[in-house]
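Enquirer: Below you will find the structure I want to go over with you.
If you want it as structure tokens, here you go:
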């Protein structure tokens, strides 16, 4: 992987350098077209919210952008990498949090973040900065992840993304299982991440919350985009 | 600008992490080893002939290790599946060869510890009287055999990790493939312990076989593991 | 993406030619095997089972090598060569059938010659282990997932399995050799062959190879038709989704 990790990218709204470009993307799961022709263009450095009922394809869009799925028809370009061809150059530039967090229960929060940071060769400084950005206290660092609450686990997982300086954050229903305060805190941190230059895409059932916080709202219905709102 | 670690560094990182997790959770120590020990006791009920038990001891030890491999290999990937970590490793772009070598190495260490305990249990339970010169043969054959078992177990457990119904699939896949290891390890330990009436020197050709199997398994595993865990 | 004409059967001129050749060679084999070739000095007419047993085992190995080559191809191409994957699967299925024939004929041969169905003959033991290995391969082929996923997963098993063949062969042979000193009789299913027997064996291998090719072609084409059906139903499913009305409120 020869792609260099970026400094803060330009938040020029006229930029044609899109983080994600999907054109008539079709993704089939088994025999079922989870995405039935999605057209989507996401600018770098924006906070994007995917909304829609269950089965609309929100998770599939995120997994496609993570390079975990390939489009069966149409095209998908993420960070200028053609996902259909070879998603390998996308690796470590994208952070994906699905319904799970990718944490190891028997390691402490610090050990987890350190492990994920070391997968890209980041050092202790990056780890400490990430933990601070995600408001993980010193006391919490040394607690085994299995003893942490859902909200705390989310923050540890996000600290991993920050430590790795991912350009694209993909979060699938990150608000699930969090109380209102934890959701507010999460939103604050996601906003800060987008302001710092990352492109953040999240899906959520919490419609009002998503409405309020995002720069770019995308409604999905039956595997297609039905409506887009940009701020 | 930091760079992602190479294959060896990745393997070391992953092996250290797996062993640390095992040290914290003590699954192999507290669950698998006692299971294996009681299996050795059950063999005495099944065979019910002290003389025969003494002659069968090497085979019983390695049968037990082979069954324990299935449990340990499944455990090695259960920690990854528990919170979607394997997928996160893929998205993060960690080199699959590094993951394979690291996990196989950690598994081999655990199996070796288990094999040592089983040999001691056999010495005690089956009343064996080993010659002094067999220790080197014993240790060498055990190392080669556990490496071969670990490599095969890792690759198939990785393959099965992404699929439902995997519990019955893993034994079916692993057991036929490790039959050469069972054949070689049993003959080598027979020679080392003097239970089959063979001299210690007769065991070394079998160690040669085990070494070849170990190397072949490791090479094939390294080449195919990336495809096995992709999903 | 529908084809202009759907084939009405999986037969083509090529398979008809191969099929006829296979029938002719099988007739030859029957003639030579049962009538023209001599009975063995020690085993009598029981040796004629060899004309089924030995070609079967060779064909089983050939089938698994074909599967292995296709599996490597599938892995290199990251699972995006469905035609090659189909050949791998068809070949493995036919290979498993040939293995079963090998095992049954071997057991019958042993029963007639030595009075026991199984005496841990090196070849039969290896065959039994490989039989189970490829049953595992077929089990992995039957798992859920997209065609690409299934192709990749079974390709991994195919490659590991073929690497295992020489190792199992070697270790079982070494294991049996330990016991040869102990027994007076050589209980391996082997016979001194020469002349007419060798020729008959050769005819047998050719006949079985032709059947193998014929079966694999047909089976792979049936799989291709099944994939075509899947593709068609995807078009229908896409059309259906386009008209889908969401159950809940519109956002």
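Protein chains in written order, with the working numbering: chain S, 1 to 231; chain U, 232 to 462; chain A, 463 to 713.
Where is the CB? At the ideal position from N, CA and C, for every residue including glycine.
Since this is a predicted model, take the numbers as computed values, not measurements.
With a threshold of 16 other CB atoms inside 10 Å of the CB of residue 691 (chain A), please say whether the residue is buried or exposed.
Expert: The residue given as residue 691 (chain A) occupies position 229 in the third chain. Flag for residue 691 (chain A) reads exposed.
Enquirer: Excluding sequence positions up to five away, which residues of its chain have a Cβ less than 6 Å from the Cβ of residue 415 (chain U)?
Expert: Counted from its first residue, the second chain places residue 415 (chain U) at position 184. Around residue 415 (chain U): 437, 440, 441.
Enquirer: State the Cα-Cα distance for the pair residue 538 (chain A) and residue 613 (chain A), rounded to the nearest angstrom.
Expert: Within the third chain, the letter at position 76 stands for residue 538 (chain A). Within the third chain, the letter at position 151 stands for residue 613 (chain A). Cα to Cα, the separation comes out at about 12 Å.
Enquirer: Starting from residue 279 (chain U), find everything on chain S with Cβ-Cβ shorter than 9 Å and list it in chain order.
Expert: Here residue 279 (chain U) corresponds to residue number 48 of the second chain, with the count starting at 1. Result: empty, since nearest Cβ-Cβ is about 41 Å, beyond 9 Å.
Enquirer: Please report how far the alpha carbon of residue 249 (chain U) lies from the alpha carbon of residue 234 (chain U), in whole angstroms.
Expert: By 1-based counting over the second chain, the position of residue 249 (chain U) is 18. By 1-based counting over the second chain, the position of residue 234 (chain U) is 3. Cα to Cα, the separation comes out at about 23 Å.
Enquirer: Whole alpha helix (DSSP H) runs in the region 256 to 310 of chain U with 4 or more residues, listed along the chain?
Expert: 264 to 278
Enquirer: Are the C-beta atoms of residue 324 (chain U) and some chain S residue less than 8 Å apart?
Expert: Taking the first residue of the second chain as position 1, residue 324 (chain U) is located at position 93. Yes, contact with chain S.
Enquirer: Pull out every residue of the region 182 to 195 of chain S whose Cβ sits closer than 9 Å to any Cβ of chain A, in chain order.
Expert: none
Enquirer: Counting C-beta neighbours from all protein chains within 10 Å, is the total for residue 224 (chain S) 16 or more, i.e. buried, or is it exposed?
Expert: As a working note, residue 224 (chain S) is residue 224 in the first chain. When all chains shown are included, residue 224 (chain S) counts as buried.
Enquirer: Return yes when the Cβ of residue 175 (chain S) is within less than 8 Å of the Cβ of residue 42 (chain S), no when it is not.
Expert: For the purposes of this step, residue 42 (chain S) is identified with residue 42 of the first chain, where counting begins at 1. For the purposes of this step, residue 175 (chain S) is identified with residue 175 of the first chain, where counting begins at 1. Against a cut-off of 8 Å, the Cβ pair of residue 175 (chain S) and residue 42 (chain S) comes out as no contact.
Enquirer: Can you tell me the Cα-Cα spacing of residue 593 (chain A) and residue 562 (chain A), whole angstroms?
Expert: Sequence index remark: in the third chain, residue 593 (chain A) carries index 131 (1-based). Sequence index remark: in the third chain, residue 562 (chain A) carries index 100 (1-based). Spanning the alpha carbons of residue 593 (chain A) and residue 562 (chain A) requires a straight line of approximately 7 Å.
Enquirer: Does the beta-carbon of residue 80 (chain S) have 16 or more other beta-carbons within 10 angstroms, so that it is buried, or is it exposed?
Expert: Along the first chain, read from residue 1 onward, the residue named residue 80 (chain S) stands at position 80. Exposed.
Enquirer: Tell me the DSSP secondary structure of residue 582 (chain A) in three-state form.
Expert: Counted from its first residue, the third chain places residue 582 (chain A) at position 120. DSSP places residue 582 (chain A) in coil when its eight states are reduced to three.
Enquirer: Spell out a yes or no on whether the region 312 to 326 of chain U and the region 254 to 273 of chain U are touching, meaning 3 or more CB-CB pairs, one atom from each, closer than 8 Å.
Expert: no
Enquirer: I'd like to check one pair, residue 424 (chain U) with residue 297 (chain U): are the Cβ atoms closer than 8 Å?
Expert: Here residue 297 (chain U) corresponds to residue number 66 of the second chain, with the count starting at 1. Here residue 424 (chain U) corresponds to residue number 193 of the second chain, with the count starting at 1. No, they are not a contact pair.
Enquirer: What are the start and end residues of the alpha helix (DSSP H) that includes residue 523 (chain A)?
Expert: As a working mapping, residue 523 (chain A) is identified with position 61 in the third chain. Here the alpha helix (DSSP H) through residue 523 (chain A) covers 512 to 538.
Enquirer: If the cut is a Cβ gap below 8 Å, which residues of chain A does residue 26 (chain S) touch?
Expert: The residue you call residue 26 (chain S) lines up with position 26 of the first chain. Chain A residues near residue 26 (chain S): 700.
Enquirer: Any residues in the region 279 to 313 of chain U with a beta carbon nearer than 8 Å to a beta carbon of chain S? Which ones, in chain order?
Expert: Sequence-ordered contacts of the region 279 to 313 of chain U with chain S read 310, 313 [C-beta pairs closer than 8 Å].
Enquirer: Tell me which same chain residues have a C-beta within less than 8 Å of the C-beta of residue 565 (chain A), skipping the five on either side of it?
Expert: Start at 1 with the first residue of the third chain, and residue 565 (chain A) comes out as number 103. The answer, listed in chain order, is 586, 589, 590, 593.
Enquirer: Which of the three DSSP states is assigned to residue 644 (chain A) in this structure?
Expert: Mapped onto the third chain, residue 644 (chain A) falls at position 182. In this predicted model, residue 644 (chain A) has a pLDDT of only 43, less than 50, meaning its place in the structure is not dependable enough to derive any value.
Enquirer: Go ahead and label residue 362 (chain U) buried or exposed: buried means 16 or more other beta carbons lie within 10 angstroms of its beta carbon, across all protein chains shown.
Expert: Here the question's residue 362 (chain U) lines up with position 131 in the second chain. Exposed is the call here.
Enquirer: From residue 506 (chain U) to residue 269 (chain U), what distance separates their C-alpha atoms?
Expert: Residue 506 (chain U) lies beyond the residue range present for chain U, which begins at 232 and ends at 462; the question has no answer from this structure.
Enquirer: I think residue 272 (chain S) touches residue 199 (chain S), with their Cβ atoms under 8 Å apart; what is that distance to the nearest whole Å?
Expert: Absent from the model: residue 272 (chain S). The displayed extent of chain S is 1 to 231, so no value can be given.
Enquirer: Express the C-alpha separation of residue 48 (chain S) and residue 335 (chain U) in angstroms, rounding to a whole number.
Expert: Your numbering for residue 335 (chain U) matches position 104 in the second chain. Your numbering for residue 48 (chain S) matches position 48 in the first chain. A direct Cα-to-Cα measurement between residue 335 (chain U) and residue 48 (chain S) gives close to 40 Å.
Enquirer: At the level of alpha carbons, what is the spacing between residue 70 (chain S) and residue 458 (chain U)?
Expert: Here the question's residue 70 (chain S) lines up with position 70 in the first chain. Here the question's residue 458 (chain U) lines up with position 227 in the second chain. Roughly 15 Å separates the two Cα atoms.
Enquirer: Note down the Cα distance separating residue 162 (chain S) from residue 401 (chain U), rounded to an integer number of angstroms.
Expert: Translated into positions along the first chain, residue 162 (chain S) becomes position 162. Translated into positions along the second chain, residue 401 (chain U) becomes position 170. So the two alpha carbons sit approximately 37 Å from each other.
Enquirer: Note down the Cα distance separating residue 214 (chain S) from residue 27 (chain S), rounded to an integer number of angstroms.
Expert: Within the first chain, numbered from 1, the residue matching residue 214 (chain S) stands at position 214. Within the first chain, numbered from 1, the residue matching residue 27 (chain S) stands at position 27. Their Cα atoms are separated by approximately 26 Å.
Enquirer: Compute the Euclidean distance between the alpha carbons of residue 134 (chain S) and residue 159 (chain S), then round it to the nearest angstrom.
Expert: Locating residue 134 (chain S) in the first chain gives position 134, where the first residue counts as 1. Locating residue 159 (chain S) in the first chain gives position 159, where the first residue counts as 1. Going by the C-alpha atoms only, they are around 6 Å apart.
Enquirer: Using beta-carbon positions only, say whether residue 186 (chain S) and residue 145 (chain S) come within less than 8 Å of one another.
Expert: The residue given as residue 186 (chain S) occupies position 186 in the first chain. The residue given as residue 145 (chain S) occupies position 145 in the first chain. No, Cβ-Cβ distance for residue 186 (chain S) and residue 145 (chain S) is not below 8 Å.
Enquirer: According to DSSP, is residue 407 (chain U) helix, strand or coil?
Expert: One-based indexing of the second chain puts residue 407 (chain U) at position 176. Of the three classes helix, strand and coil, the one that applies to residue 407 (chain U) here is helix, per DSSP.
Enquirer: With DSSP as the reference, label residue 705 (chain A) as helix, strand or coil.
Expert: Here residue 705 (chain A) is taken as the residue at index 243 of the third chain, counted from 1. Secondary structure of residue 705 (chain A) (DSSP, three-state): coil.
Enquirer: Return the residues of the region 55 to 79 of chain S that lie within a Cβ-Cβ distance of less than 7 Å from chain U, sorted by chain order.
Expert: 66, 67, 68
Enquirer: Are the region 546 to 553 of chain A and the region 675 to 683 of chain A touching by the rule of at least three beta carbon pairs closer than 8 Å?
Expert: A contact exists between the region 546 to 553 of chain A and the region 675 to 683 of chain A.
Enquirer: I'd like to check one pair, residue 453 (chain U) with residue 333 (chain U): are the Cβ atoms closer than 8 Å?
Expert: Working through the second chain from its first residue, we reach residue 333 (chain U) at position 102. Working through the second chain from its first residue, we reach residue 453 (chain U) at position 222. At least 8 Å separates the beta-carbon of residue 333 (chain U) from that of residue 453 (chain U).
Enquirer: Determine, for residue 137 (chain S), whether the minimum Cβ-Cβ distance to residues of chain U falls below 8 Å.
Expert: Numbered from its first residue, the first chain carries residue 137 (chain S) at position 137. Not closer than 8 Å to any Cβ of chain U, the Cβ of residue 137 (chain S) fails to qualify, so no.
Enquirer: Got a sec: is the Cβ-Cβ distance from residue 427 (chain U) to anything in chain S below 8 Å?
Expert: Along the second chain, read from residue 1 onward, the residue named residue 427 (chain U) stands at position 196. Cβ-Cβ to chain S under 8 Å: no for residue 427 (chain U).
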